[in-house]
Each structure stands twice: as structure tokens, then as C-alpha cells.
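Worksheet: the structure to be examined is printed underneath.
There are 2 protein chains.
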Amino acid sequence: MERGPSVSGRRARRGPAPPGDIEQAVCEAAERLLASERLADLSVAQILREAHVSRASFYFYFASKSAVLARLAERVIGEVYAATQTWLHRAEGEAPRAALEGAMRSALALWRRHDAVLRAIVETWHTSPEIGDVWERLIGRFTQAAAEQIERERAAAVAPAEGPAAHTLAAALVWMTERSLYVAISSGEPDFADDDALVGTLTDVWWRAIYAPPPASG
Amino acid sequence: MERGPSVSGRRARRGPAPPGDIEQAVCEAAERLLASERLADLSVAQILREAHVSRASFYFYFASKSAVLARLAERVIGEVYAATQTWLHRAEGEAPRAALEGAMRSALALWRRHDAVLRAIVETWHTSPEIGDVWERLIGRFTQAAAEQIERERAAAVAPAEGPAAHTLAAALVWMTERSLYVAISSGEPDFADDDALVGTLTDVWWRAIYAPPPASG
DNA sequence: CGACAACCATACACCATGTCTGGACATGTT
DNA sequence: AACATGTCCAGACATGGTGTATGGTTGTCG
Chain A
1 MERGPSVSGR
11 RARRGPAPPG
21 DIEQAVCEAA
31 ERLLASERLA
41 DLSVAQILRE
51 AHVSRASFYF
61 YFASKSAVLA
71 RLAERVIGEV
81 YAATQTWLHR
91 AEGEAPRAAL
101 EGAMRSALAL
111 WRRHDAVLRA
121 IVETWHTSPE
131 IGDVWERLIG
141 RFTQAAAEQI
151 ERERAAAVAP
161 AEGPAAHTLA
171 AALVWMTERS
181 LYVAISSGEP
191 DFADDDALVG
201 TLTDVWWRAI
211 YAPPPASG
Chain B
1001 MERGPSVSGR
1011 RARRGPAPPG
1021 DIEQAVCEAA
1031 ERLLASERLA
1041 DLSVAQILRE
1051 AHVSRASFYF
1061 YFASKSAVLA
1071 RLAERVIGEV
1081 YAATQTWLHR
1091 AEGEAPRAAL
1101 EGAMRSALAL
1111 WRRHDAVLRA
1121 IVETWHTSPE
1131 IGDVWERLIG
1141 RFTQAAAEQI
1151 ERERAAAVAP
1161 AEGPAAHTLA
1171 AALVWMTERS
1181 LYVAISSGEP
1191 DFADDDALVG
1201 TLTDVWWRAI
1211 YAPPPASG
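Written as C-alpha cells, this is what we have:
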């Protein structure tokens, strides 16, 4: 609070060198660098050099390196939030499996598009409450959306009513998806080398976990 | 390589203060500290103080802070490896679900017992190849064991033959379990507050993913 | 006793973080 | 034009952590 330019009125006048915003330049530089380097291996000096911004200016707008990631995260989150709106809401005549597959495929595409930022978040959210909050809210949002969808399907008797609590089940599935995408895209896990195999497997697990009648034995 | 005391003959004579091994003291101190602090927030100096070991001695035996975790990890891994032997090998007359539930419950207990070390590994394996290797080998081991079990069950027609490749399916399920245990025990995820709900949910997902006949629609 | 091995205390060079100072340059006002 | 103000830069600085190097101390063994 109380840092940065006055909230209203933005900033009218500025120095000679950069025509754009400092914040913008820093964010873009950081995202560029994150594509090839981990946040932990990244120094503030590197960002400064890449963004052509002075140390003083940087610390005027950002409290620390992880504040940059937090800002970066919020921008991505906006787009991802939009995705949760329609994520699991299957259309009237759509087959459950097709809806799930679409969701998984779009999640994969989303992760690939924002790989740098998402990777950095996943690798560091446990170190800073600032980033941790962002990530947990996002995961919570997906979980909530999934839980509601599960309950809808159960209420409509499209999915069997037996099974674990919808919210807990949703959480496990969401975390599975998060981890699998991270491991497949951001880390180099060979088990998930093939996009179709990854999407197909995730879809299948979601599908069976939600829609399968419990197998025979107890 | 080429560091530490001569491999054979161990160390016969030693200084005055610590009666035990330096390595041992460091490992124990580190594990103690990891119970209440993240590895990243831990300084070498703190470990030194806790272990009553000098800086020079520390760097004689360990290349860095993460080398300590690697050593700590290897010790835990030994015990965990043993667990994979019988992990999913269900006994003759045992119900599949009971076998899975036993596996999940023992995994939970194992994680809880070694929470400090496992948490540190999960939070840092992406930063150091040393630790990354350990973790990926371990996850790979669980995945392999699960894949073999899935294939056994499919061959015996206890599980339906349809579905994703056994190894990919196993990987997704193992990562789900890893992440859920981490989040439930090491982080403070409220969704998994209840042990029984966690075990029950994980068991159910594994169970349906492996044994459920595919639901009706395509 | 003297060589040697394990250990300690300490000091050091290095690097990264976050703070602080002084000055440059634009704008808005008088 | 002169001046105050706001935004920015360059660079110095204090702090704290890492990993290395040095010299000294204490024990064991020949």
C-alpha cells in the first residue's frame, strides 16, 4: 500500500528513456527471462538489465522479486478464471466424456501458452504467501467448479450418487491435473511425452472417477 | 567422489567434542530443523549451530545445503523403496479395493512419519538435479510398480482391458497421490483435513480408474 | 616424541538483496 | 523565465548468506 503512483490519474509525466510504463517493462522482461530460467536462478540485476530499468525504480514499484511474479500471476489468472466459467459445464446434448476431453485439452493449451509463469508459480508458491494465495485461490476455483459440476451430474442421475464427497473428489482430480501438466510441460517427464496420451489418460481418470458405476467387489 | 574419510576403515580417531559422526550429526540436525522451517529459509550457519559442527567440517563432507537433503533423502528412500515391494501386490483372496486402501493408508502414514524430509524434497527437487534424480527415481519406482499391477489385473481380467496405457495411467495416479499427500500433510489444505476422507477419495479414484468398466456413453 | 588425522575458529572473497543519496529532466504554476 | 514537483537514473552502501582458505588444537599411532 502507499507505494507506486497515485491510483487515480495514473502517471502523466515521465523521464526521457522508456516511453512505456516501468511496471510493464519489468513484467515483460521477467516473463521473457522466465522462459529460459527459473525464478530462483534469476537475479534482480538481470531483470533490471533486460527491462532497462534502474534499481531504484524497480523497488519503487515492486517490494521484491516475488512481487513481480505475483503481478505476472494476476494477469494470467484473469485469463484462466475466464476458462473456469465454461470449463466443465457440459452443453445439453454433449457427451460427458467429450466435455471432459475438451476441458483437459484447453487446460493443456492454457498451460502451454503461459508455461513460463505457471511453472514459476508452481515452483515457488510455497515460499511466498503472496504467490501462494494466488495459486490456492485459482486451484480452489477449479475445484469449486468441478465439485459443482459433479453435484449437478449426480443430482441429474447422470453420475452415480455413491462415492466420495464431491468437493474432496474434485480436489484430488484438480491436483492430479495440475501436477500432470506441470510435469509434462514444465518439467520433462517422459511418461507424458505424448499430448494425446496425456489428455486421454487425464480424461479417462476424470471420467471414470465421476461417471463410472462402482465396480462389482466391495 | 574423493571427499570424506577413506571409504574403508571409516574413521577411527576423532576430536574431543562430538562422539558420533559429523555426517550423522549434520543430518539429524537438519532433519530436526526441517520440521519447523523450510529448506530455503534455513542457513548453513543454523545447521552448524544445531549440529555443533564447524563450517570447515561441514563443507568437507557436504558440497552444499542441498547435498544434506540429498543424503537425508536417500535414507528415507530406502524405507520407501521397501514399501513399494508390497505396495500394490494384492494378496490372493484380497479384494482390490481393500488392497488399494491399505496402500493409500500406508502411504499416508509413511508421509506423515517423514513429513519434514519429503516436504523439503517436493519443494526443492526442481532446483537441484541431485535431489531431482532421487525424487524422480522414487516416483518412477512407484509408477512402475503400479503399472505392473495394473497389467497383472488386466491380464487376469479382473480389470477391464480398455483404457489408457498402464504406465501413463499409473503415472497420473501416482502424481495425484504425491500431490494430495503433500498438500494435505505438508501444506495445510483444508479440503483434505480428514484422513479418512483423503484415503477414501484417493482409494476410490485409483479403484475406479483401474477396475471400473467404462461408463456407458462414449 | 613426532607425524598425522580429524576437527575447530575465524577470516575472507563473492554475490545478491534491499535502501539510500544526489542529480537529470520533464511538466504545471506563477 | 523561474521554480516546485514528480518520475526516473546511476551508483554507493549495509547486510546477510555461501563457499574457500588458513592456522591452531586435540587426539591416536608408530
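Protein sequence lines correspond, in order, to chains A and B.
Quick note: the first sequence uses our numbering, first residue 1, plus one each step.
Quick note: the second sequence uses our numbering, first residue 1001, plus one each step.
C-beta atoms are modelled at their ideal positions from N, C-alpha and C, and glycine is treated no differently.
Item: First and last residue of the uninterrupted alpha helix (DSSP H) at B/Val-1068; Value: 1065 to 1087
Item: First and last residue of the uninterrupted alpha helix (DSSP H) at B/Gly-1163; Value: Here B/Gly-1163 belongs to no alpha helix (DSSP H), and DSSP marks it neither H nor E.
Item: Residue-chain proximity (B/Asp-1196, chain A), Cβ-Cβ < 7 Å; Value: no
Item: Cβ-based neighbour list, B/Val-1117, same chain, cut-off 7 Å, excluding 5 preceding and 5 following; Value: Glu-1031, Leu-1034, Leu-1072, Ala-1073, Val-1076
Item: Buried/exposed call for B/Gly-1188, threshold 16 Cβ in 10 Å; Value: exposed
Item: Helix, strand or coil at B/Glu-1050 according to DSSP, with G and I counted as helix; Value: helix
Item: Cβ-Cβ distance between A/Glu-162 and A/Ala-70 below 7 Å; Value: no
Item: Assigned exposure category for B/Gly-1078 - 16 Cβ within 10 Å defines buried; Value: exposed
Item: The region 1163 to 1176 of chain B: positions lying closer than 8 Å to chain A by Cβ; Value: Gly-1163, Pro-1164, Ala-1165, His-1167, Thr-1168, Leu-1169, Ala-1171, Ala-1172, Leu-1173, Trp-1175, Met-1176
Item: Local conformation of A/Ala-157 per DSSP, three classes; Value: coil
Item: Cβ pair B/Ala-1067, B/Ala-1051 closer than 7 Å; Value: no
Item: Chain-ordered chain B contacts of A/Gly-200 [CB-CB under 7 Å]; Value: Pro-1164
Item: Stretch pair the region 88 to 98 of chain A + the region 181 to 199 of chain A: three plus CB contacts closer than 8 Å; Value: no
Item: Through-space distance from B/Arg-1038 to A/Thr-124, alpha-carbon basis; Value: 12 Å
Item: A/Glu-153 to B/Gly-1132 span [Cα, whole Å]; Value: 40 Å
Item: Sub-7 Å separation of A/Leu-202 and A/Met-104 beta-carbons; Value: yes
Item: Reduced DSSP secondary structure (H/G/I, E/B, other) of B/Ile-1108; Value: Per the sequence presented here, residue 1108 of chain B reads as Leu, with Ile not at that position. Looking at B/Leu-1108 - three-state DSSP - the assignment turns out to be helix.
Item: Assigned secondary structure, B/Trp-1206 (DSSP; H/G/I helix, E/B strand, else coil); Value: helix
Item: Listed by chain order, chain B residues near A/His-89 by CB distance under 9 Å; Value: Those do not exist, as A/His-89 stays about 17 Å from chain B at its closest Cβ, beyond 9 Å.
Item: Selection from B/Pro-1215, B/Tyr-1081, B/Ala-1171 that minimises the alpha carbon distance to B/Pro-1160; Value: B/Pro-1215
Item: Cβ-Cβ separation, A/Val-183 to B/Trp-1175 (assumed contact under 8 Å), whole Å; Value: 6 Å
Item: Any chain A beta carbon closer than 7 Å to B/Val-1205; Value: yes
Item: Residues that A/Ser-187 contacts on chain B, provided the C-beta gap is smaller than 8 Å; Value: His-1126
Item: Helix, strand or coil at A/Trp-125 according to DSSP, with G and I counted as helix; Value: coil
Item: For B/Arg-1113, the three-state DSSP class (helix, strand or coil); Value: helix
Item: Contact list for A/Arg-179 against chain B, beta-carbon separation under 8 Å; Value: Trp-1175, Met-1176, Glu-1178, Arg-1179
Item: Proximity test, Cβ basis, 7 Å: B/Pro-1215 and chain A; Value: yes
Item: Assigned secondary structure, A/Phe-62 (DSSP; H/G/I helix, E/B strand, else coil); Value: coil
Item: Whole-angstrom distance between A/Ala-212 and B/Ile-1185, CA atom to CA atom; Value: 29 Å
Item: Host alpha helix (DSSP H) of A/Glu-28 (start-end); Value: 22 to 34
Item: A/Ile-22 and A/Tyr-61 closer than 7 Å at C-beta; Value: yes
Item: Anticipated Cβ contact below 8 Å, A/Trp-87 with A/Leu-181, distance rounded; Value: Wrong, their Cβ atoms sit about 14 Å apart, outside the cutoff.
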